[in-house]
Amino acid sequence: MKKRASIIMASLLLVTAGCGGPAPEPPTQAEAKAKVVEVVTVQKAAQPVVLRVTGMVEAKRDAVLPFGTGGTISSIPVSKGMKIAQGQLLATLDSRYYQKEVEAAASQVEEAAARKNKALKGATAEAIEQQRLQVQSAQSRLEKAKQDLTAGEKLFAGGAISQTEINDLKRALTQAEISARDAQLSLTELQRGAQPEDIAMANASIKSAAGQVERAKKSLDDAKIHAPFAGTVVDVYKQTGEQASPGDQIIHLVDLSEVKVTLDITNDLISQFQEKTKVQAVSDDGKQSQGTITFVSPVVSKETGKYRVEVTIPNADGFWRGGMAATIEAPRKVNGFLVPLESVGVNSTEHYVMAVEDGLTVKKEVKTGQIVDDQIEILSGVKEGDQLLRSGITFYVEGQKVEAKGE
């Protein structure tokens, strides 16, 4: 209606000008009525700027514990909800079989060690004397075999014995020679004492037996479940008397003395997160706790395409539970001025604002940075104290008379 009225008024002015004296001069800019506009004053943020990201609360440590071997469960002295100390016994299998294995393996170690000691000490004087008698006996049998063969050859020449009998005498001589040589070698070894190869064999036997002991002890240890950390029993999956196989889930244990909140952060925000930075964690019902950024991933997750950030929160009062949502408030670094998003316009070549100076609009090109909630950071192009049109800047042209109202 106002536009139509203006057209009618202009027409009337034209008619009047055509009918009478000269047309009146249009009002000057100074005489035009200033339009009231809402402005925002450029200034540094009065309060620290925070970055809010929500993540899920996880236990500091969370483990489902199995036996390392199989058998019949003989005891589970814990139940759901119990507080557990690190190292506390949680469950056992019937371990009698494994205990016998340990004892048998230990006995083998003792036997191997005894054989080594015997080898190191060497033969006793009695053993050497007995072997010397064996040598003498073997030599006597050898001499007799030689004499028997000599006599046999004479008899064979006279036709008194057969070729077969001569062959038997020769074999007897060969066997006597072998026995005499072996007896002498045994005597020499006894007199010489333990050899390096004997000691090496003894050491190998001890090592093998010791390995059997360790394996048996491991089987015995695998028949027990000890708490790897202090925490709370969440669930017990089997009962006394049931069979358990290696790897079966037996007890679920969590440690909530501290909790961890995992955040997925986009590339444009990851620079705002630094390890060791103190942050606030806020629950859905407003509970606040101080936490610390303990990990910032150096690489993007293949699953999410974002960076993983972990915040650790002390939880002595047990308020935080696994699966709760927590909003992390981290300090946000801002280098420029924050103004409302609608205060900044954009065209094909630039970002700009409409400032108010001396009652007139002034278009200023600006360089923008990050977006913070419903505000945008201006890095250059304005100074502290400038007044900018809050919104609707596309409806104004540079040099338009306005009256500033607002901040």
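Under mature numbering (1 follows the signal peptide of the UniProt record, and there is no 0), residues -20 to -1, 1 to 387 are what the sequence shown spells out, in order. We put the beta carbon where it would ideally sit given N, CA and C, even for glycine.
Contact under 9 Å by Cβ, residue 266 with residue 258: Taking a C-beta distance under 9 Å as the contact criterion, residue 266 and residue 258 do not qualify as a contact pair.
Proximity below 9 Å, CB of residue 253 to CB of residue 22: Pairing residue 253 with residue 22 gives a Cβ-Cβ distance that is not under 9 Å.
Quick check on residue 261: does DSSP put it in helix, strand or coil? DSSP places residue 261 in strand when its eight states are reduced to three.
Give a yes or no on contact between the stretch 321 to 340 and the stretch 280 to 291, applying the rule of three or more CB pairs nearer than 8 Å. Touching, no.
What residue range does the alpha helix (DSSP H) around residue 120 cover? 105 to 137 is the span of the alpha helix (DSSP H), which, as asked, contains residue 120.
Could you check the C-alpha separation between residue 233 and residue 194 for me, to the nearest Å? A straight-line Cα-Cα distance of about 28 Å links residue 233 and residue 194.
Please classify residue 77 as buried or exposed, where buried requires at least 16 neighbouring CB atoms within 10 angstroms. So residue 77 ends up on the exposed side.
Sequence-distant residues of the same chain with beta carbon closer than 7 Å to residue 125, five excluded per side: Closer than 7 Å at the Cβ level, and outside the excluded window around residue 125, lie 152, 153 and 156.
Return the CA-CA distance between residue 340 and residue 382, expressed in angstroms with no decimal places. Cα to Cα, residue 340 sits roughly 6 Å from residue 382.
Confirm, please, whether the CB-CB distance from residue 319 to residue 273 is below 9 Å. For residue 273 and residue 319, no; Cβs fall outside 9 Å.
Member of 386, 380 and 201 whose CA lies at the smallest distance from the CA of residue 13: Nearest of 386, 380 and 201 to residue 13, Cα basis: 380.
Tell me which residue opens and which closes the beta strand (DSSP E) that residue 32 is part of. 30 to 45 is the span of the beta strand (DSSP E), which, as asked, contains residue 32.
Cα-Cα separation, residue 243 to residue 328: Rounded to whole angstroms, residue 243 to residue 328 spans 36 Å at the Cα level.
Does the pairing of the stretch 200 to 216 with the stretch 50 to 67 give three or more beta-carbon distances under 8 Å? The stretch 200 to 216 is in contact with the stretch 50 to 67.
C-alpha gap between residue 20 and residue 280, whole angstroms: The alpha-carbon of residue 20 is positioned some 39 Å away from that of residue 280.
Between the CA atoms of residue 16 and residue 25 - distance to the nearest angstrom: Each residue's alpha carbon lies about 26 Å from the other.
Buried or exposed (CB count within 10 angstroms, at least 16 for buried), residue 4: At residue 4 the pLDDT is 39, less than 50, meaning the model places this residue with poor confidence; the figure from the coordinates comes in the next sentence. Exposed.
Can you tell me whether residue 295 is buried or exposed, with buried defined as 16 or more other CB within 10 angstroms of its CB? Residue 295 comes out buried.
Residue 304 to residue 39 span [Cα, whole Å]: Rounded to whole angstroms, residue 304 to residue 39 spans 10 Å at the Cα level.
Is it the case that the Cβ atoms of residue 93 and residue 186 are separated by a distance below 9 Å? Contact: yes.
State the CB to CB distance for the pair residue 312 and residue 37, rounded to an integer number of angstroms; the pair is presumed to be in contact (CB under 8 Å). The C-beta separation of residue 312 from residue 37 comes to about 22 Å, leaving the pair out of contact by the 8 Å criterion.
Counting only the same chain and skipping the five closest in sequence on each side, list residues whose C-beta sits under 8 Å from that of residue 79. Excluding the 5 residues flanking it on each side, residue 79 has same chain C-beta neighbours closer than 8 Å at 200, in chain order.
Using three-state DSSP, classify residue 169 as helix, strand or coil. Look at residue 169 here: in three-state DSSP terms it is helix.
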